[in-house]
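Down below is the structure, laid out as structure tokens.
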Amino acid sequence: MNHSTSGKKWLYAVLSVAVVVVSAPFLWMVVGSFKTTSELRRSPPTWLPENATLDNYSELFSRLDFGTYFFNSTVVAVVVTLGNLLFCSMLGYALAMLDFPGKRALFGVVMATLLIPGVVTFVPLFVLVANAGLVDTLPGLMLPFLAAPFGVFLMRQFILGLPRDLLDAGRVDGAGELRIFARIILPLCGPALATLGILTFLGSWNNFLWPLVVAQTEDTYTLPVALALYSKGQNATNYGLLLAGATVVVTPMLLVFLAFQRRVIEGIATTGIK
1 MNHSTSGKKW LYAVLSVAVV VVSAPFLWMV VGSFKTTSEL RRSPPTWLPE NATLDNYSEL
61 FSRLDFGTYF FNSTVVAVVV TLGNLLFCSM LGYALAMLDF PGKRALFGVV MATLLIPGVV
121 TFVPLFVLVA NAGLVDTLPG LMLPFLAAPF GVFLMRQFIL GLPRDLLDAG RVDGAGELRI
181 FARIILPLCG PALATLGILT FLGSWNNFLW PLVVAQTEDT YTLPVALALY SKGQNATNYG
241 LLLAGATVVV TPMLLVFLAF QRRVIEGIAT TGIK
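Quick note on our numbering: the sequence shown kicks off at 1 and runs consecutively.
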């Protein structure tokens, strides 16, 4: 009993340290957003703001066309997420439950693309978007990411764990593959869809490099791009504005993740179980 109690205390101590290490950057960002520029540049740094101010937030909303950038980020993230939920689940269903020539080769291609770094395909992808005339448009920000190999793999592994008897029963009743997919498979894929949706939305919302290159005017800027560009002055970076903007961008995503974390954990835990 003593050894068990001592082990739990050490475990709690290690977990507490881990929580502090993980949450410290976020807390520093939030606290720093209420500091003045001079205080942020002070050495040694202060932990709490000596004279808390909302000037960074007021400047954020006055300098930036926040509504436009927020709308662009929301539209891009929502469309990319819906596209991944639809196309990844359809391809995952085909790879898991259907038999067709080249099935193993196609799944091998999907797995191989997971090994390719994104920077390798960045230039060819931009050339394709440019040739299609989609540079500096919202479709140019969305179309290349409507399906991802990780999403296909995740959905395939989850669907493999579903009983095939349900599909056979649907086929006996005369249902086609599309109806079986929509009426039987998708309702059972709630945990996997929630996991894929949250991860895709977070990744799209925080995406910076692709919108920085494709979005070339203010009308198509997303929030990360706008914050990075407008936080830089002539001589130095406005860290207060940058921290305030980062807090505004990150907080909704953190709340969404906390609200759906149970579904995300459930989806990851059950993926691949047969």
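For glycine and all other residues, C-beta sits at the position ideal for the given N, C-alpha and C.
- Taking each of D55, R183, L86 in turn and checking the Cα distance to L196, the smallest one comes out for L86.
- Contact check for M142 and V80: beta-carbon distance about 5 Å, within the 8 Å limit, so the pair qualifies.
- Distance from the CA of L241 to the CA of F181, rounded to the nearest whole angstrom, comes to 47 Å.
- Beyond the five residues adjoining it in sequence on each side, K232 comes within less than 8 Å, by CB distance, of N238 in the same chain, given in chain order.
- Following the DSSP letters along the chain, one finds D99 in no alpha helix (DSSP H), marked with neither H nor E.
- Around the beta-carbon of I185, 16 or more other beta-carbon atoms lie within 10 Å, marking it buried.
- In the displayed model, K8 falls within a helix according to three-state DSSP.
- Every alpha helix (DSSP H) stretch that sits fully inside the segment 43-104 and reaches 4 residues is listed by chain position as 55-63, 66-97.
- Going by DSSP, D219 is part of no alpha helix (DSSP H) at all; its letter is neither H nor E.
- Note that the C-beta distance between I198 and V152 is not below 9 Å.
- The DSSP-derived three-state label of T113 is helix.
- Cβ atoms of L229 and V249 stay farther apart than 8 Å, at about 14 Å.
- Annotation: S33 is outside any alpha helix (DSSP H) and is labelled neither H nor E by DSSP.
- At the C-beta level, R164 and A175 stay beyond 9 Å of one another.
- Rounded to the nearest angstrom, the gap between the Cα atoms of L193 and L48 is 41 Å.
- Boundaries of the alpha helix (DSSP H) around L199: 190-206.
- Taking K103 as the centre and dropping the five residues before and after it, the same chain places the C-beta of L95 closer than 7 Å to its C-beta, in chain order.
- Annotated as proximal: T200 and A148, with beta-carbon spacing under 9 Å.
- Rounded to the nearest whole angstrom, the CA to CA distance from D219 to N131 is 21 Å.
- Of the residues assessed, K35 falls on the buried side of the cut-off, its CB having 16 or more other CB atoms within 10 angstroms.
- Between the segment 49-66 and the segment 25-40 there are three or more C-beta pairs closer than 8 Å, enough to call the two in contact.
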